[in-house]
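Participant: Using this note's numbering, read the sequence shown as starting at 65 and increasing by one per residue.
For glycine and all other residues, C-beta sits at the position ideal for the given N, C-alpha and C.
Please see the structure below; I have some questions.
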Amino acid sequence: MLRDESACNTYNYGDSDYWDARYINESSFDWYQRYDALRPFLTKYIQTSSRVLMVGCGNAVISEDMVKDGYESIMNVDISCVAIEMMRRKYEHVPQLELQLLNFSLSYLKDMQMDVRDMGFFLDNSFDSVIDKGTLDALMCGSDGPTSASQMLGEVSRVLKPGGVYMLISYGDPKSRMPHINRPTYSWKIDLYIIPRPGFQKPAGSTSSPKSYLSPIPITENGMLPADYVIEDPDSHFIYVCTKINKNSDSSESLTVDT
Ligand SMILES: C[S@@+](CC[C@H](N)C(=O)[O-])C[C@H]1O[C@@H](n2cnc3c(N)ncnc32)[C@H](O)[C@@H]1O
């Protein structure tokens, strides 16, 4: 996906027709990163027993990989009926050996066609975690991206339980994403990670180690990168881990401190 949002309108990423047409010709594809690369972040913030909502699942294999790794409940939603139909068919027609896995997966993986800007089907506070790999990015490429982003994020905040986590995996850097996610109305505490694109070769003399990607970046008070922070790979991906502050438990803590 393109970095420059003024250029991304050339592709209709915000339009369900674009995705339907694309998915007719594509069997499976994971945008940005595969499960293996994201696993350390997912296991750190999202327990396997969590009720997970995957917004804009497309035809990616990440939720299947999560189920194989022990995740027990994943709800996949996407605006593209072609993608959702494909996901359903995929789990109906697998070889015998995988049928067991299929049966196993089917009881835990559910697919549903839905616009993430209106997820009224789901009750408030009904998910422990929401995972978004490239879907906010797609909406922001559509016509009136900021309005779509605000509708989607309002819905994500609504369906997320207090203490729950919205994990946004995006190509957008903090300058372009923080103004949308770091809003008082959501009450999210945000940790930021930056990981290079798959296959990135570090420049000679680089001192960073794969381990260092697992440390959160110390962001400024308004959520920006420190002025002297250097991103090695200009096509890095940004992982925003947004934890919904549990206002009740916070106020009871401060009451205890005050007395
Ligand atoms: C960049 S793709 C990412 C797909 C998948 N999450 C992945 O990691 O490979 C964006 C996805 O968002 C979906 N999408 C776009 N607008 C949507 C909307 N308003 N509601 C639900 N899904 C939407 C598209 O159909 C597409 O599958």
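(1) With distances taken from CA atoms, which of Glu149, Arg98 and Arg103 is nearest methionine 178?
(2) Where do the N-terminal and C-terminal ends of the alpha helix (DSSP H) with methionine 150 fall, by residue?
(3) With hydrogens ignored, establish whether the beta-carbon of serine 221 is closer than 8 Å to any heavy atom of ligand 1.
(4) In this structure, does DSSP put tryptophan 83 in helix, strand or coil?
(5) According to DSSP, is isoleucine 88 helix, strand or coil?
(6) Residues in its own chain within less than 6 Å of methionine 288 by CB, not counting five upstream and five downstream?
(7) In angstroms with no decimal places, state the Cα-to-Cα distance between arginine 103 and asparagine 312.
(8) Under the assumption that leucine 203 contacts methionine 216 (Cβ atoms under 8 Å), give the Cβ distance between them as a whole number of angstroms.
(9) Ligand 1: which residues have Cβ under 5 Å from any of its heavy atoms, chain order?
(10) Where do the N-terminal and C-terminal ends of the alpha helix (DSSP H) with lysine 132 fall, by residue?
(11) Closest by CA to serine 221, which one among Ser251, Ser240 and Thr199?
(12) Just list the residues that DSSP pairs tryptophan 252 with in beta bridges.
(13) Starting from the C-beta of arginine 109, find all residues in its chain whose C-beta is less than 6 Å away, skip the five residues before and the five after it, and write them out in chain order.
(14) Tell me the DSSP bridge mates of histidine 301?
(15) Please name the residue or residues paired with glutamine 265 in a DSSP beta bridge.
(16) Is the beta carbon of tyrosine 257 closer than 9 Å to that of phenylalanine 105?
(17) Here's the rule I'm using: 16 or more other beta-carbon atoms within 10 Å means buried, otherwise exposed. How should glycine 263 be labelled?
Facilitator: Based on what the coordinates show:
(1) Sequence index remark: in the sequence shown, residue 178 carries index 114 (1-based). The shortest C-alpha separation from methionine 178 is found at Glu149.
(2) Indexing the sequence shown from 1 puts residue 150 at position 86. Looking at the DSSP string, the run of the alpha helix (DSSP H) that includes methionine 150 is 145-154.
(3) For the purposes of this step, residue 221 is taken as the residue at position 157 of the sequence shown. Not so, every heavy atom of ligand 1 lies at least 8 Å from the Cβ.
(4) The residue you call residue 83 lines up with position 19 of the sequence shown. Here tryptophan 83 sits in helix by DSSP.
(5) For the purposes of this step, residue 88 is identified with residue 24 of the sequence shown, where counting begins at 1. Looking at isoleucine 88 - three-state DSSP - the assignment turns out to be helix.
(6) Here residue 288 is taken as the residue at index 224 of the sequence shown, counted from 1. Around methionine 288: Pro238.
(7) Taking the first residue of the sequence shown as position 1, residue 103 is located at position 39. Taking the first residue of the sequence shown as position 1, residue 312 is located at position 248. So the two alpha carbons sit approximately 30 Å from each other.
(8) Here residue 203 refers to the residue found at position 139 when the sequence shown is read from its first residue. Here residue 216 refers to the residue found at position 152 when the sequence shown is read from its first residue. The Cβ separation is near 6 Å, so the contact holds.
(9) Trp83, Asp94, Trp95, Gly120, Gly122, Ala124, Asp142, Ile143, Ser144, Asp179, Val180, Lys197, Gly198, Thr199 and Ala202
(10) To locate residue 132, count along the sequence shown from 1; it is residue 68. Where lysine 132 is concerned, the enclosing alpha helix (DSSP H) stretches over 126-132.
(11) Start at 1 with the first residue of the sequence shown, and residue 221 comes out as number 157. Residue Ser251 is the option with its Cα nearest to serine 221.
(12) Residue 252 sits at position 188 when you count from the first residue of the sequence shown. The partner list for tryptophan 252 (beta bridge, DSSP) reads Lys308.
(13) In the sequence shown, counting from the first residue as 1, residue 109 sits at position 45. Residue identity differs from the one stated: residue 109 is tyrosine in this sequence, not arginine. For tyrosine 109, where only same-chain residues beyond five positions count, the Cβ hits under 6 Å are Val229 and Val305.
(14) Indexing the sequence shown from 1 puts residue 301 at position 237. Its beta-bridge partners are Ile259.
(15) Within the sequence shown, the letter at position 201 stands for residue 265. According to DSSP, glutamine 265 bridges with nothing at all.
(16) Against the sequence shown, residue 105 aligns to sequence position 41. Against the sequence shown, residue 257 aligns to sequence position 193. A contact, by the Cβ cut-off of 9 Å.
(17) In the sequence shown, residue 263 corresponds to position 199, counting from 1. So glycine 263 ends up on the exposed side.
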